[in-house]
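Every number in our numbering is 1119 more than the matching position in the sequence shown, counting from 1. The beta-carbon is built from N, C-alpha and C at its ideal position, and this holds for glycine as well. For reference, the structure discussed in these notes is given below.
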Amino acid sequence: MAAPLRLRTSSRDRPGLTRVRCGRGIRHQDSESRPVTDPDALARIRALTVPPAWRGVWICPWPDGHLQASPGAA
């Protein structure tokens, strides 16, 4: 039997990844405004299927965070 999955407590109040417009598309960047280039991280972010209407999106920097994405204030 596999060990139970342990989740990390995540919070929008802590640094995370963000989504920014780039030309006609978007890019993802870390808390220091560096582009996210890791293929596994990008695949995880795409799998979240964050709605395009969400603005100010916060994305958890850890794949085992209990909260993975949150929209910004309207």
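Quiz item: In three-state DSSP terms, what is residue 1161?
Solution: helix
Quiz item: Cα-Cα, which of 1190, 1157, 1182 and 1143 is closest to residue 1172?
Solution: 1190
Quiz item: Nearest-angstrom Cα distance between residue 1188 and residue 1164?
Solution: 9 Å
Self-check item: Beta-carbon gap between residue 1157 and residue 1136 smaller than 8 Å
Solution: no
Quiz prompt | Coarse secondary structure for residue 1172, derived from DSSP in three states | solution = coil
Self-check item: Own chain, CB closer than 7 Å to residue 1139, minus 5 neighbours either side, in chain order
Solution: 1145, 1146 and 1148
Quiz item: Do you know offhand how far residue 1155's Cα is from residue 1180's?
Solution: 10 Å
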